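Visitor: Below you will find the structure I want to go over with you.
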Amino acid sequence: MTVEGSSHETIHVYKALGLSEVVNELYVGLVDPSRGPFTKIKAPGGKILKELTIPNNVVEADAIVNLPKTKTRIDTLATLDSKNLKGFLLDDLRRRAHVLGLEKAIAGLAKALHEKAKLTWLPRITRATRGQASLRA
0 MTVEGSSHET IHVYKALGLS EVVNELYVGL VDPSRGPFTK IKAPGGKILK
50 ELTIPNNVVE ADAIVNLPKT KTRIDTLATL DSKNLKGFLL DDLRRRAHVL
100 GLEKAIAGLA KALHEKAKLT WLPRITRATR GQASLRA
């Protein structure tokens, strides 16, 4: 199964990129995490996110293979694998994580999902093109 949480309509993004055909050819399902059903899970040791509501598909999965885009950011300096997991969160919590403290929210999310996250592939780092982070890269 392929799970992708986009800040836009996920299915439209997949179709525009041609990924829906790839997913069909590989015989894997495409899941938009903004659509239910959902399960609440605890985030043990989470400073900001103590409980998360995530899609049942993620809770029931045997493993998470994470394919993030690595890039620089002003508020975290770099985004690596854990920030990519934010796509599993519902939109309101995803946005609120920035206000609450992105680095602590990401750490809580990573702690909650660490047993399922089995593989992360980090491609080359991409320098930010907007904001002050682009000056630091």
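Read left to right, the sequence shown gives residues 0 to 136 (numbering that gives the first Met the number 0).
Backbone N, C-alpha and C define an ideal beta-carbon position, used for all residues, glycine too.
Quantities reported herein were computed from a predicted structural model and do not represent experimental measurements.
(1) Below 8 Å on the Cβ atoms is my guess for Gly-107 versus Ala-60; work out the distance and round it to an integer in Å.
(2) Straight-line CA distance for Ile-40 to Ile-53?
(3) Using the three-state DSSP reduction, which class does Ile-105 fall into: helix, strand or coil?
(4) Return the chain-ordered list of same chain residues with a C-beta closer than 7 Å to the C-beta of Ser-19, the five sequence neighbours on each side being excluded.
(5) According to DSSP, is Val-64 helix, strand or coil?
(6) For the alpha helix (DSSP H) containing Ile-10, list its first residue and its last residue.
(7) Just how far apart, CA to CA, sit Val-98 and Lys-110?
Guide: The structure says:
(1) Position 108 of the sequence shown, counted from the first residue, corresponds to residue 107. Position 61 of the sequence shown, counted from the first residue, corresponds to residue 60. About 19 Å separates the beta carbons of Gly-107 and Ala-60, which is beyond the 8 Å limit, so they are not a contact pair.
(2) As a working mapping, residue 40 is identified with position 41 in the sequence shown. As a working mapping, residue 53 is identified with position 54 in the sequence shown. It is roughly 8 Å from the alpha-carbon of Ile-40 to the alpha-carbon of Ile-53.
(3) Your numbering for residue 105 matches position 106 in the sequence shown. The answer is helix: DSSP assigns Ile-105 an H, G or I state.
(4) Here residue 19 is taken as the residue at index 20 of the sequence shown, counted from 1. Around Ser-19: Tyr-13 and Leu-29.
(5) As a first step, residue 64 is located in the sequence shown; it is residue number 65 there, counting from the start. Val-64: strand per DSSP, three-state reduction.
(6) Here residue 10 refers to the residue found at position 11 when the sequence shown is read from its first residue. Ile-10: member of the alpha helix (DSSP H) spanning 9-16, first to last residue.
(7) Numbered from its first residue, the sequence shown carries residue 98 at position 99. Numbered from its first residue, the sequence shown carries residue 110 at position 111. When only Cα atoms are considered, Val-98 and Lys-110 end up about 20 Å apart.
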